[in-house]
Amino acid sequence: RVIEAKGRWCSKCDAPKAPRAHHCRHCNRCVPKMDHHCPWTSNCVSMTTFPHFLRFVLYTNLSLWALAYLLWLRFAVLWEHRHLPAYLGPSLIGLISLATLSLVCFFTCIALALMLLQTLRSWVLNQTMI
556 RVIEAKGRWC SKCDAPKAPR AHHCRHCNRC VPKMDHHCPW TSNCVSMTTF PHFLRFVLYT
616 NLSLWALAYL LWLRFAVLWE HRHLPAYLGP SLIGLISLAT LSLVCFFTCI ALALMLLQTL
676 RSWVLNQTMI
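Sequential numbering of the sequence shown, starting at 556, is according to my numbering.
Here it is as structure tokens:
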């Protein structure tokens, strides 16, 4: 008995493909309204997981900006106590670590903010990355 499927066919799954579905090479299955395969969550961002991914990116952004604020407060405290003797202040390694962490935090905040904006744009326009 032969079953005929109208529409698109996935050669990798050897099954009919739903509208706006794409085959994920990482999950090895067809995913409806697939946006992308996220390496951080090790899951496909799709019709069913997009709200979770949006919250993940939003909360990650908020957490990182909170860290940036705390780092800014630490810099403010160090600036207020800049006239104290060196033995009362932080060590050189502590200052280098704080500066390095601040730079990494700053650039990651910018990158994640752009990612959040792109994700919100995709959501509003009902588009996917694929």
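Heads up, the beta-carbon is just placed ideally off N, CA and C, and yes, glycines get one too.
Subject >> Identity of the residue in Leu626, Ala631, Thr604 nearest Leu653 by Cα >> reply: That would be Leu626, whose Cα lies nearest to the Cα of Leu653.
Original post:
Excluding the five sequence neighbours on either side, which residues of its own chain have a C-beta within less than 7 Å of the C-beta of Ser657, listed in chain order?
Top reply: Leu626
Subject >> Through-space distance from His591 to Arg580, alpha-carbon basis >> reply: 11 Å
Original post:
Based on the DSSP secondary-structure assignment, which residues constitute the bridge partners of Pro571?
Top reply: Trp564
**OP:** For the alpha helix (DSSP H) holding Ala621, just list the boundary residues, first then last.
**Re:** From DSSP, the alpha helix (DSSP H) with Ala621 extends over 605-635.
Original post:
Taking C-alpha atoms, which residue in Cys593, Ala576, Phe605 lies nearest to Val679?
Top reply: Phe605
**OP:** Helix, strand or coil for Arg584, going by three-state DSSP, please let me know.
**Re:** strand
Original post:
Where does Val674 land, buried or exposed, given buried means 16+ other C-beta within 10 angstroms?
Top reply: First, the amino acid is wrong: residue 674 is Thr here, not Val. Buried, since its Cβ has 16 or more Cβ neighbours within 10 Å.
Original post:
Looking at the unbroken alpha helix (DSSP H) that takes in Ala576, where does it start and where does it end?
Top reply: That residue, Ala576, is in no alpha helix (DSSP H); its beta strand (DSSP E) goes 576-579.
**OP:** Counting only the same chain and skipping the five closest in sequence on each side, list residues whose C-beta sits under 6 Å from that of Leu622.
**Re:** Cys660
**OP:** Work out the CA separation of Cys568 and Gly562 for me, nearest whole Å.
**Re:** 15 Å
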